[in-house]
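If you want the working numbering, it's the 1-based position in the sequence shown plus 1004.
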Amino acid sequence: MSEEIINDEMEEQKFSPDEGSQEEVNEPGEDLSQKAKIVVKKDDETILEYTVEELPVLIGRKSDNHIVLEERNVSRKHAEIFTKDDEYFIRDLESTAGTRVNGEDIKEKDIHTGDIIEIGNYKLYFDSGIPEDERTVYETEEETVLEEATSLDEDRTRFYEEPEAKLVVIKAEGLEEEISLEQEELVLGRDEEVDVVVDDKRVSRRHCKILLKDGDFLIEDLGSSNGTFVNGQKVTQRRLEHGDRIQIGSAIFEFQKQELTRPVPRGRLKVFVKASIYILLIAAASFAVYKFIVSRARKPQEVIMQVSWEYKTRTPIVSSMGLGDLNGDGYINIVAADMGGYVYALDARQGGLVWNSEFRSRGEALSSPCLVDINRQDGELDVVVGGSRIGVVAIDGGTMRTIWRGRTNSAVTSSPSVADVNGDGTPDVFVGTEGGEVICFDGRQGGPVWVFNTDAKILTSPVLADFNGDGIFDVVIGSTNKRVYILDGRNGKTIWAHSGSEEPSTAACGDFNRDGTKDIAFVTSSRLIVLEGRKGSLLWDWKIPQAAMPTENDPFITSPPAVADFNGDKILDVVLSTPGGHLYCIDGSSNGERYLWDFGLSSARKSSPALADIDGDGRMDVVVGDGDGNLIVLNGRSGHVLNMLHIGGKIISSPVLGDFSSEGIISIGVGTSEGRIVAVHTQTKIRKNQILWGSFGGNRLSSGFIK
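Take a look at the structure:
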C-alpha cells in the first residue's frame, strides 16, 4: 500500500493537469471534427459517458482528472488521450498497475472506434466519432435502451411517452422544495436569466444544464469555475440515474425519475389482479409475524469486520479523528491530524483526499480535530485543531483556507471542545495548554473570551455540560496539580473544584444519581471517581485492581472513560481502559462495589473506548484498539469478544464510528503509530450517513446514546 502511495506522489509531480505532455498533443484537425465519446463501464455496468470537449483527456483517481476512476488500483494520474497526426492516441503515465488496449499492455498506442481501454477494474469503450474509423462494432447501453424503448408490446402499441423527473432540493437557499424537469433543457446558475437561479458565489452564472435526450436525462457542466459534481464525482457530462446527488457550489439536489411501466395486456389483467391480492395478503401476514418476533426479542447478529481502505499519512497518528460532512455533498468525511502537523480530510467512502492536499500546520498536532461550522456562512463543517506551535487554528472545511488562528503562550495539549457561550450564534472553542491555561476562544474571530490559569500542565481535554442550571455549557477539565475544575462557560470563573491525591483523566459526564444534572466520572492511577455535578461531592468510587495499576513501563495516561447503560437497569455504568491491557465495565447501580466484566485478552494497552450498538441487540457495545494492532469489538453486556481484526502497528487513538460507505452500515476508523488511517466495514445496518461516535470522546460528554 505504501509503495502505491509513493508511486502516486511521483506521478503527481511528473504529470499535472496543466502540463500533461503538450509537446506531442495537437488539437484535432478537420478529420477529427466529430466529438469523440468514451463509455466507462465496471462489471458490465455503465457508470459514465464522457464526450471529449478538450484535449488531452486526463484519466486517473484524483478528482481534477477529466475522467475520474475512484478505485485504489487506479493511479492518481493514470493515462491521457491526445491526438497526433490527426489520430487519437492513449499514453500510460507511468501508472502503478498499467494500461491495456484490447487486452494488450501499452505505453502509448493509437486508438480507434471499438477499441477497449482497460484501467484497473474499469473498461473504457472508445468511439472517435468518425464513421470510417470503426474497427469493430459494439452495442452500447444507450443503443440497447433506445431499442427497448421503441420495441412493440403484445398489443402492438408503441410507447412515446417521456419519463417524468424532478430535482428535489436538499440544500439551496431561496428555492422551492422540488423543481420539475418538464422542459427538454434546464439551465442552472447564478445569472437571473437562467431557468434555475442558485444564489451562491461559488456557482457560475451559467453553471450546468440538465437535458432530455433519447429518453435519458443528462447533466452537462457549462465550463463552470468550480465544477459540477454527481455523487461526489466531478463530471463534464453524465447520464443521471434515480437517486443521484448533484452539487454545484454548496447547493445540493437529488435527481428523482419515475420509471415508466408497460400496460398489462387485457387477457392477463384478471390473473394479475388476483396474484397481486394473494401477494399482498402473504406480505401482510409475514409483516405481522415479523413485528411479533421483533417485539419479543432483538437477537444479536454476527459482527463481521473487513478492511475497506487505508491511507498512508506522513507521520504517526496518535490522536483520535473526527467525522462530518465538510463539503456539503451529503457524505461523511474523516479528518485526522498527525505528529508532523499535517491535517488530512478524506472521503470516508474510499479514502481519497477531499482537499487538494494536506493542510500544513506548524509543529506537532497534539490534539484531535473538532468538526463544527465555525464561520456560520456556508452551512458546511469546518475543522478546529490545536498544536505545539500554532495555538489553535480554524480551517474552512470546503476550501482548506484558514479562518482564524488563536494564539497561546504554550503548546495546546488538549482536544478542542465547542459551544456557544457568549450568545452570538457562533460556537466558541475551549482548549487547555501545557502552560496550564484554559482558554475560551471567540468562534467568530479567534480572540480570547476568557482565560483561566491552573498553574500546572493540562493534559486532559475540556468536557462541556451545564452544571449551574443557567442554560450555558460549563467546562470540566483536570490538571497535573491533581485538581478537577468546573468553570463557568460564560466567564471562566470557578464553580467548584475537586482536589485529589492523583492526576485525573479527561472526564465523562452522565446523570448517575438521576437528579437532572450531569455528574462527572474520571480515572486516576488507582481509582475510578464519580462526583455529583452540582457541588462536587463524592457519589462513589471504585479501586482499580493491583494488576491493572500503572508501572514504569506502562504509565498512567489521561484517556477518558465512557458511560452508558450496559446491563439495562436504567442506571449508567462506566467502561475504562487501564494499564496492563485491561478494560473494566463498572456497574453503576452498585456504587462501585462490583464490575460487570473485565476484558484483558493481552497485556497490550487498549485505547480509550468508543461506544455503539454493533451487534444490533439494542445495547451499547465497546470498540477499542490495542498496542498489538488489533481492533476489538466487545459485547457491552458481557465483555465477550464479538470480533477482533488485526490491522498492524499500534492503535493509540480512540476509534470513530459511522456510515462511511453511505450504504447504511457501520464502519470503524482508526489511526496507527505507523502512519496509517484504516477504515473497517461491518455488515451492521444503521441509518444512512449516520455518525455514531464521531470524535474524541464521542460527543461533549464521552457517553453513549442512552435509550
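Glycine included, every Cβ here is placed at the ideal spot set by N, Cα and C.
Could you check whether residue j and residue i sit closer than 8 Å to each other, using their CB atoms as the reference points?
| i | j | result |
| --- | --- | --- |
| PHE1509 | THR1464 | For clarity, residue 1509 is Ser in the given sequence; the question names Phe instead. Contact: yes. |
| GLY1355 | ALA1101 | no |
| GLY1253 | ARG1209 | no |
| PRO1564 | VAL1578 | no |
| ASN1331 | GLY1402 | yes |
| GLY954 | GLU1049 | In the structure displayed, the chain extends from 1005 to 1711; residue 954 sits before or after that span and is not available. |
| ASP1619 | LEU1580 | no |
| LYS1039 | GLY1133 | yes |
| HIS1082 | ILE1051 | no |
I'd like the list of long-range same chain contacts for residue i, defined as Cβ closer than 7 Å, with 5 residues on each side in sequence excluded.
| i | result |
| --- | --- |
| GLY1662 | LEU1327, ILE1336, SER1671, GLN1694, ILE1695, LEU1696 and GLY1698 |
| ALA1551 | GLY1584 |
| GLN1687 | ILE1308 and ILE1669 |
| SER1607 | GLY1584 and GLY1585 |
| LYS1654 | GLY1631, GLY1633, THR1676 and SER1677 |
Please work out which residues of its chain come closer than 8 Å, Cβ to Cβ, to residue i, disregarding the five sequence neighbours upstream and downstream, and give them in chain order.
| i | result |
| --- | --- |
| TYR1346 | THR1317, ARG1318, THR1319, GLU1362, PHE1363, ARG1364, SER1365 and ALA1369 |
| LEU1226 | VAL1191, GLY1193, SER1208, ARG1210, HIS1211, CYS1212 and LYS1213 |
| ASP1195 | VAL1201, ARG1209 and ARG1210 |
Expressed to the nearest angstrom, what Euclidean distance is found between the alpha-carbon atoms of residue i and residue j?
| i | j | result |
| --- | --- | --- |
| VAL1307 | ALA1469 | 34 Å |
| ASP1035 | ASP1090 | Unreliable placement is indicated for ASP1035, whose pLDDT of 44 sits below 50; no coordinate value is reported for it. |
| VAL1141 | SER1079 | Confidence at VAL1141 is low in this model, with a pLDDT of 40, below 50, so its placement is unreliable and the value that follows should be read with caution. Cα-Cα distance, rounded: 30 Å. |
| VAL1396 | TRP1500 | 27 Å |
| GLN1237 | ASP1248 | 11 Å |
| ALA1352 | GLU1597 | 42 Å |
| ASP1157 | ASP1220 | Note that ASP1157 has pLDDT 39, beneath the 50 cutoff, so the model's placement of it is unreliable and no number is given. |
| LYS1692 | ASN1077 | 27 Å |
| THR1240 | GLU1168 | 24 Å |
| ARG1393 | GLY1451 | 17 Å |
| GLN1310 | HIS1650 | 10 Å |
| LEU1605 | ARG1411 | 44 Å |
| ALA1349 | TRP1359 | 6 Å |
| PRO1431 | LYS1547 | 38 Å |
| LEU1093 | LYS1127 | Correcting the residue identity first, residue 1093 is Phe in this sequence and not Leu. PHE1093 and LYS1127: Cα-Cα distance of roughly 16 Å. |
| ASP1545 | SER1371 | 29 Å |
| THR1232 | ASP1204 | 14 Å |
| ASN1069 | ALA1340 | 25 Å |
| ARG1487 | PHE1456 | 14 Å |
| LYS1461 | ILE1481 | 11 Å |
With DSSP as the reference, please indicate the residues paired to residue i in a beta bridge.
| i | result |
| --- | --- |
| VAL1425 | According to DSSP, which records beta bridges pairwise, VAL1425 is partnered with nothing at all. |
| ILE1655 | Per DSSP, none; premise fails for ILE1655. |
| LEU1350 | ILE1338 and LEU1357 |
| GLN1449 | According to DSSP, GLN1449 bridges with nothing at all. |
| GLN1550 | Its beta-bridge partners do not exist; DSSP assigns none. |
| THR1055 | LYS1041 |
| ASP1400 | For ASP1400, which the question treats as bridged, DSSP gives no partner whatsoever. |
| SER1677 | None; SER1677 has no bridge partner. |
| VAL1172 | GLU1182 and GLU1258 |
| GLU1189 | LEU1215 |
Flag residue i as yes if its beta-carbon sits less than 8 Å from any beta-carbon of chain C, otherwise no.
| i | result |
| --- | --- |
| GLY1326 | Chain labels in this structure do not include chain C; a single protein chain is all it has. |
Please tell me whether, using a cut-off of 7 Å, the distance from the CB of residue i to the nearest non-hydrogen atom of the ligand COA is below it.
| i | result |
| --- | --- |
| ASN1106 | With respect to small molecules bound, the structure shown includes none, and the ligand COA cannot be examined in it. |
Could you please give the first and the last residue of the uninterrupted beta strand (DSSP E) stretch that includes residue i?
| i | result |
| --- | --- |
| ARG1411 | First-last for ARG1411: undefined, no H or E at that position. |
| HIS1502 | 1498-1503 |
| HIS1685 | 1680-1689 |
| MET1648 | 1645-1650 |
| VAL1467 | 1467-1469 |
| ASN1331 | Element bounds for ASN1331: n/a, residue is neither H nor E. |
| ASP1523 | 1523-1527 |
| ASP1577 | 1577-1582 |
| ALA1566 | 1566-1568 |
| GLY1391 | 1386-1391 |
| VAL1435 | 1432-1436 |
| HIS1586 | 1586-1590 |
| ALA1616 | 1614-1616 |
| GLU1516 | According to the sequence provided, residue 1516 is Phe. The question's Glu does not apply to it. From DSSP, PHE1516 is part of no beta strand (DSSP E); its letter is neither H nor E. |
Going along the chain, which residues of its own chain have a beta-carbon closer than 6 Å to the beta-carbon of residue i, five neighbours each way excluded?
| i | result |
| --- | --- |
| ASN1472 | ILE1499 |
| SER979 | It is not possible to answer for residue 979, since the shown part of the chain is limited to 1005 through 1711. |
| GLY1701 | PRO1564 |
| THR1154 | The predicted model places THR1154 with a pLDDT of 39, which falls under 50 and marks its position as unreliable; any figure quoted below should be read in that light. Excluding residues within five positions, none has a Cβ falling inside 6 Å. |
| ILE1115 | TYR1092, ILE1094 and PHE1130 |
| ASP1459 | GLY1440 |
| ASN1595 | TRP1544 |
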